[in-house]
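The sequence shown: position 133 = 327 (our numbering), numbered continuously.
Even glycine gets a Cβ: it sits at the ideal position worked out from N, Cα and C.
These figures come from a predicted structure and were not determined experimentally.
First up is the structure itself, then whatever we jot down about it.
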Amino acid sequence: MKNSAAGQLQLYFWLLVSAAAGLLLAGLTLPLYAHRQWLQTLWHVCRQGLQDIGGHLPVTWQALILLMVGLALARTAWHAARQVRQTHRFAHAFAGLQGPLPARLEELAAAQALTPSDVIYVDVSTPHAFCLGFWQPRIWLSAGLVSMLTDEELSAVLAHEAWHMRFRDPLRLLVARSLAAGFFFLPVMQMLAQSVDLQQETAADRAATVQLGSDLPLLCALQKLLTHPSTPGVNHLVAATAFNVTETRLKRLIYPPAKARVAWRQQLGAIGLNLSVALVLAVMGWLALQPVMEHPTVNTCTIPEAVVSVPQSQIVPFQ
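Pasting the structure below:
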């Protein structure tokens, strides 16, 4: 079951990464396919003025594709930088509140094959649990959460966050959100990014349930978080897998998968929208591959020798 959940999680993630890489490669290949002719035509259009651009529509489509690729790369990098900055600020806010692990927490962590360096204990009264860090993630637990949960419930939380830590889910979340922001004009990228986020939590919940042999400790921990009056949420720009309560998670834990109803109208609408966008991109690619109009060559004007040899006296002036 662990391998199946991990494989499904990696499937969504690598589908997203592969789709982004394929789109970028196609967007760069089309204009560069005929780069010499493209540069010559661009120089001709610049010299003649924009009124001549109608005769060079393939170049226009190629320039538009390059613009979309540049916009996607810029937005991806910008959103990734924002997430990294907000994540560092979030970690810095808790860094000064670190304390030694309580003996109870250290014992429960050891039962989950976690070392003391894998768990960070912060002296905060509000309940918090999240996995933070990109290449070497750590599990952060607050004093309020540790004191609120029983040993079994705390073990479920540790098992949940340990799954995120072992698969570097914060890093995957950073990449998925950045690509979704970069390719904002493609609905399928948003759907894949949401699937990565949802599947991360679902796989971690499943791992905790298997580890403890029951989903009751996890449900009890979520129920206590739900009834706690002052549990602030984590900023959506922070690339951390926070242990929080969502409607989707509760439904998956409470109801069997067989009772899940598929929203066919939403699914069909999403499929139709994605097909429409794919058709538009395909048409743009086809137009960009059309041959560019050759520039007419203007030869020097020459006067026939017969005209030049006519004597001056035989030329009749026009009246």
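Item                                                                                                                            : Value
CB contact flag (Ala397, Trp357, <9 angstroms)                                                                                  : yes
Which of helix, strand or coil DSSP assigns to Arg332                                                                           : strand
The alpha helix (DSSP H) enclosing Ala297, as first and last residue numbers                                                    : Ala297 to Ala305
9 angstroms Cβ cutoff, Cys414 in contact with chain B                                                                           : Protein chain content of the structure displayed is limited to a single chain, and chain B is not contained in it.
Identity of the residues DSSP links to Cys325 by a beta bridge                                                                  : Ile333 and Thr435
Ile247 to Gln256 span [Cα, whole Å]                                                                                             : Low confidence applies here, because Ile247 scores a pLDDT of 49, under 50, leaving its location unreliable and the question unanswered by this model.
Beta-carbon proximity list for Phe437, same chain, < 7 angstroms, skipping 5 on both sides                                      : Ala323, Phe324, Val351, His354 and Glu355
Gly514, DSSP secondary structure in three states                                                                                : Because the chain in this structure spans residues 195 to 513, residue 514 falls outside the shown range and cannot be described.
Distance, Arg371 Cα to Phe378 Cα                                                                                                : 10 angstroms
Three or more C-beta pairs below 8 angstroms linking the segment 335 to 345 and the segment 296 to 314                          : yes
Simplified DSSP assignment, three categories, for Val318                                                                        : coil
9 angstroms Cβ cutoff met for Val278 and Leu218                                                                                 : no
Residues near Glu389 in its chain [Cβ-Cβ closer than 7 angstroms; skip 5 each side]                                             : The identity of residue 389 in the sequence shown is Ser, whereas the question assumes Glu. Closer than 7 angstroms at Cβ, skipping near neighbours: Tyr206.
Option in Arg332, Glu301 and Ala271 with minimal Cα separation from Ala289                                                      : Arg332
CB of Thr435 within 9 angstroms of CB of Gln393, strictly                                                                       : no
Sub-9 angstroms separation of Thr281 and Ala433 beta-carbons                                                                    : yes
Length of the line joining the Cα atoms of Val382 and Phe361                                                                    : 24 angstroms
Local Cβ density within 10 Å of Trp208, reported as buried at 16 or more and exposed below that                                 : exposed
Coarse secondary structure for Val428, derived from DSSP in three states                                                        : coil
Contacting residues, own chain, Cβ-Cβ under 8 angstroms from Asn429 (five flanking each side not counted)                       : Gln280 and Phe284
Test item: CB-CB of Asp391 and Leu367 under 9 angstroms                                                                         : yes
Residue span of the alpha helix (DSSP H) that contains Pro310, given as start and end                                           : Per DSSP, Pro310 belongs to no alpha helix (DSSP H) and is neither H nor E.
Distance between beta carbons of Leu410 and Asp345, contact taken as under 8 angstroms                                          : Their Cβ separation, rounded to whole angstroms, is 14 angstroms, which puts Asp345 and Leu410 out of contact at 8 angstroms.
Given Gly327 as reference, the closest of Gln417, Ala307, Ala401 and His286 once Cα atoms are compared                          : His286
Residues of its chain near Gln384, where Cβ-Cβ distance is below 6 angstroms and the 5 sequence neighbours each way are ignored : Ala374
For Phe207, three-class secondary structure by DSSP                                                                             : helix
Proximity of Ser336 and Val313 at Cβ, strictly below 9 angstroms                                                                : no
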